[in-house]
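Participant: Take 16 as the starting number for the sequence shown in my numbering and just add one per residue. Just so it is clear, CB atoms sit at the ideal spot from N, CA and C, and this is done for glycine as well. This is the structure I want to talk about, given as structure tokens.
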Amino acid sequence: MRPIDKIQQEIISDFNLFSDWTQKYEYLIDLGKDLKILDAKHKTEENLIKGCQSNVWLIAKKEKNNIVFNADSDAIMTKGIIALLIKILSNQTPKDITNCDLFFIKKIGLSEHLSTTRANGLLSMIKQMKLYAYGLENK
16 MRPIDKIQQE
26 IISDFNLFSD
36 WTQKYEYLID
46 LGKDLKILDA
56 KHKTEENLIK
66 GCQSNVWLIA
76 KKEKNNIVFN
86 ADSDAIMTKG
96 IIALLIKILS
106 NQTPKDITNC
116 DLFFIKKIGL
126 SEHLSTTRAN
136 GLLSMIKQMK
146 LYAYGLENK
């Protein structure tokens with residue numbers, strides 16, 4: 016099993032521990048609180064993800080052969096969502112990131128429990144992370 020798929024399976028197991036979406040939202044919020052603080056110098060227009068209702072800043076760098084992501088948001092739920100994506104995609108190879116199927120979203124029912132604007136924001140976050148990976152692949 017690929018590392019990204021293994022992490023997704025762990026997340027599915029984590030979410031299955033909760034019986035309702037109120038608890039799952041709280042878990043997402045806690046994930047956001049655990050996210051490493053993004054230095055204010057990175058909170059620029061250039062690092063802002065387009066298509067998100069909230070402000071989400073995302074940076075990516077290549078370390079050895081892997082991409083490392085860091086992000087922040089001004090909305091607590093959105094911060095939890097980006098933290099979840101970072102948990103899965105950070106420290107992975109560019110090829111694994113660009114080619115991955117993020118099946119956990121459907122398995123945990125995330126997209127059905129987000130507003131339309133948040134669901135669109137989720138897709139924008141994934142798209143930006145894959146674009147960064149693609150852009151850093153041969154650097």
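(1) By the DSSP assignment, the beta strand (DSSP E) with residue 77 in it spans what residues?
(2) Quick one: using the 10 Å Cβ neighbour count with 16 as the cut-off for buried, is residue 107 buried or exposed?
(3) I'd like the span of the alpha helix (DSSP H) that includes residue 31, first residue to last.
(4) Taking residue 63 as the reference, give the member of 76, 39, 86 with the closest Cα.
(5) Determine the direct distance from the alpha carbon of residue 50 to that of residue 72, and round the result to whole angstroms.
(6) What is the DSSP secondary structure of residue 68, reduced to helix, strand or coil?
Facilitator: This is what the structure holds:
(1) 71 to 78
(2) buried
(3) 18 to 31
(4) 86
(5) 13 Å
(6) coil
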